[in-house]
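For the sequence shown, my numbering gives the first residue as 427, with consecutive numbering after it. Note that beta-carbon positions come from the ideal geometry of N, C-alpha and C, so glycine has one too. Heads up: the structure comes next, in structure tokens.
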Amino acid sequence: MNRRSLTLAIVLTAAACGGSKSDNTGGGTASGTAAPAPAPTPPAGGGDPTAKAKEIFSQRCVPCHGTEGKGDGVASKGLTPPPRNFSDPAWQASVTDEHIEKIVHYGGAAVGKSPAMPANPDLSDPAVLAALRAHVRSLGGK
Ligand code: HEC
Numbered sequence: 427m428n429r430r431s432l433t434l435a436i437v438l439t440a441a442a443c444g445g446s447k448s449d450n451t452g453g454g455t456a457s458g459t460a461a462p463a464p465a466p467t468p469p470a471g472g473g474d475p476t477a478k479a480k481e482i483f484s485q486r487c488v489p490c491h492g493t494e495g496k497g498d499g500v501a502s503k504g505l506t507p508p509p510r511n512f513s514d515p516a517w518q519a520s521v522t523d524e525h526i527e528k529i530v531h532y533g534g535a536a537v538g539k540s541p542a543m544p545a546n547p548d549l550s551d552p553a554v555l556a557a558l559r560a561h562v563r564s565l566g567g568k
């Protein structure tokens, strides 16, 4: 019970922080004027981008793209166009690494694809983005 509400509080706090693009508007922050934000805690998993990418993939991508990247995740139903099937060699050959990293970071709408493909603006570490792209490539059999 307690742990559940704590988790909820953390989620809500994270959502609130993520929602405000600027902290300098003098609006609702209770942190005072000049206090710099504390350094972000390093990602779990020892900072290994490949491990981090796999964790992110199973948390954020599998619901739509499926464990094997076939576009058949539980949340894929009803999406038109459907989530991309990464195991399709023709698709793999048709996109550049740069394109994959861009759509993952900025979302489908940013590259002229379905807005149902969400942006992941917090994935700003190029090493993690590259590892995520490599994971997408690996699901294509390479
Ligand atoms: C809410 C469902 C959803 C989630 C979550 C999601 N995607 Fe997608 N994704 C889509 C849909 C829908 C498309 C198809 C877009 C299109 O073809 O217009 C897509 C397309 C893609 C493409 C192909 C782009 C192209 O040009 O063909 C890649 C790569 C991709 N997603 C990667 C990811 C990764 C990596 C994650 C996790 C960080 C992720 N997606 C999470 C729905 C989702």
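Taking a cut-off of 8 Å on C-beta distances, the stretch 474-487 touches the stretch 542-558, as three or more cross pairs fall below it. The beta carbon of Ala560 sits no closer than 7 Å to any heavy atom of the ligand HEC. Around the CB of Lys478, 16 or more other CB atoms lie within 10 Å, so the residue is classed as buried.
The beta carbons of Leu549 and His531 sit closer together than 8 Å.
Annotation: Pro508 to Ala463 spans about 40 Å, alpha carbon to alpha carbon. In the three-state reduction of the DSSP assignment, Leu505 falls in the coil class. The closest heavy atom of the ligand HEC lies 7 Å or more from the beta carbon of His531.
Judged by DSSP in its simplified three-state form, Phe483 adopts helix.
With 16 or more other CB atoms across the displayed protein chains lying within 10 angstroms of its CB, His491 is buried. Distances taken from the Cβ of Arg510 to the heavy atoms of the ligand HEC include one shorter than 7 Å.
Cβ contact annotation for Arg559 (same chain, cutoff 6 Å, sequence separation greater than five): Asp523, Ile526, Glu527, in chain order. Relative to the ligand HEC, the nearest heavy atom lies less than 7 Å away from the CB of Leu505. Spatial neighbours of Pro489 in its own chain (CB-CB distance under 7 Å, excluding positions within 5 residues in sequence) are listed in chain order as Gly499, Val500, Ala501. Gly473 is classed as exposed because its beta carbon has fewer than 16 other beta carbons within 10 Å across all chains shown.
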